Each structure stands twice: as structure tokens, then as C-alpha cells.
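Taking it in order: structure first as C-alpha cells, then the write-up.
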Amino acid sequence: MFWKEKQLNQMNSDEWESLCDRCGKCCSLKLHNEISNEIFDTSLVCKLFDVKKCSCKNYSERHQYVKDCIKLSDNNIRSISWLPNTCAYKLVSEGKDLYPWHHLNSGSYDTIHETGNSIISSEIKSESEVERNDYEDYITNKITSK
Ligand code: SF4
Ligand code: SF4
Numbered sequence: 328m329f330w331k332e333k334q335l336n337q338m339n340s341d342e343w344e345s346l347c348d349r350c351g352k353c354c355s356l357k358l359h360n361e362i363s364n365e366i367f368d369t370s371l372v373c374k375l376f377d378v379k380k381c382s383c384k385n386y387s388e389r390h391q392y393v394k395d396c397i398k399l400s401d402n403n404i405r406s407i408s409w410l411p412n413t414c415a416y417k418l419v420s421e422g423k424d425l426y427p428w429h430h431l432n433s434g435s436y437d438t439i440h441e442t443g444n445s446i447i448s449s450e451i452k453s454e455s456e457v458e459r460n461d462y463e464d465y466i467t468n469k470i471t472s473k
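Okay, here's the thing in C-alpha cells:
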């Protein structure tokens, strides 16, 4: 239970990577209204997201294809307002425990999907299938006002 004993900046790279619950919530498209400063979540996902596996198709080289994909770190985790409250990195940075459905607790990568805590259980569609002008039609909820 290293996540209870270490701060994010004390974790080695294997521990850091294993913390990701693979929910896919950070891979959904977020829309920012520059006038109201509100951020909205959508049911669209990044073009590199595998909607069947609920994971990035090319995680190690993703920045070659998606320049603005965020690389989470201990330095930026508290400043990303649109990260879901269930995000394991956010939970640990706030001194909270992981949920029972997290694979490090349950021992299975399936429990997050079985309990409906990943986006794979939702109606999701790749951004590459939708015209940019239609993105707003896929808004699901307001996440935050910046
Ligand atoms: S929201 Fe957090 S835990 Fe979920 S996939 Fe993204 S980085 Fe991993
Ligand atoms: S590049 Fe990969 S990790 Fe980044 S948002 Fe797209 S699918 Fe997610």
C-alpha cells in the first residue's frame, strides 16, 4: 500500500504508473468557454483513445500525435481543475485513500468498469468521428468555472 505511505513525489516510476486507475476520464474532450470561463465535459474522446480497451492506443509516444495531452506530475496535479474527483493522483495528493474498486485494492483492472467508474460504460465516441463545429452537441456536464 505504497500510496498510503508515500507522497506523489516520493513514488518511483512503476508506482506512479500503477496508480492510474485507467478510468479514461482525462481522455474525454473538455470544452472551455472563454467568455464565461466554464469548462464542460463531453462524451467525445481523444482520437488516440481506444474505446473498447478504455486506454490510450500509443501512450508512450502520444505527444507526437496529441500535443496538448497533459503529462500529470506532482507539480501540476493540484492546478488541473478538470481532473475528476475519482482520479487516483488527485486522491493521493489530497491525502485520501483509493476507492475499493481501484485495481490496487481489488486486484483486478475490471472492477472499475464493473462498478461503472470508467467512461467505457458511457456512450462515448471518438472526436475523429465528429465535426469540430458539432462538439458542443456532446456536452454532458459542466465541470467547473475556472
Ligand atoms: S483521471 Fe486520473 S486515474 Fe483516471 S485515467 Fe486519468 S490519470 Fe488515470
Ligand atoms: S493522447 Fe492518449 S493519454 Fe492523451 S488524452 Fe489522448 S488517449 Fe488520453
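Residue numbers (our numbering): 328 to 473. C-beta atoms are modelled at their ideal positions from N, C-alpha and C, and glycine is treated no differently. What you are looking at is a predicted structure, and each value in this text was computed from that prediction instead of being measured.
Local conformation of residue i per DSSP, three classes
| i | result |
| --- | --- |
| Val372 | strand |
| Asn336 | helix |
| Phe467 | Per the sequence shown, the amino acid found at residue 467 is Thr instead of Phe. Strand. |
| Tyr458 | Inspection of the sequence shows that residue 458 is occupied by Glu rather than by Tyr. Coil. |
| Ser433 | helix |
| Glu450 | coil |
| Leu346 | helix |
| Asp424 | coil |
| Ser355 | strand |
| Asp395 | coil |
| Asp377 | strand |
| Ser387 | helix |
Inter-residue spacing [alpha-carbon to alpha-carbon] between residue i and residue j
| i | j | result |
| --- | --- | --- |
| Gln337 | Ser420 | 12 Å |
| Trp428 | Thr438 | 5 Å |
| Ser382 | Ser406 | 24 Å |
| Ser435 | Glu388 | 26 Å |
| Glu361 | Asn460 | 16 Å |
| Leu399 | Lys423 | 18 Å |
| Gln334 | Trp343 | 10 Å |
| Asn385 | Asn364 | 31 Å |
| Thr413 | Gln391 | 28 Å |
| Leu356 | Lys331 | 31 Å |
Supposed contact pair residue j and residue i - C-beta distance, whole angstroms, cut 8 Å
| i | j | result |
| --- | --- | --- |
| Lys352 | Ile446 | 6 Å |
| Leu358 | Glu458 | With a Cβ gap of about 14 Å, Leu358 and Glu458 do not count as contacting. |
| Asp368 | Thr467 | 5 Å |
| Ile404 | Lys417 | 6 Å |
Q) Three or more C-beta pairs closer than 8 Å, one from the segment 368 to 378 and one from the segment 448 to 468: is that the case here? A) yes
Q: Mind listing which residues have their beta carbon within less than 5 Å of any non-hydrogen atom of ligand 2? Chain order is fine.
A: Cys354, Cys373, Leu375, Phe376, Cys383, Arg389, Val393, Cys396
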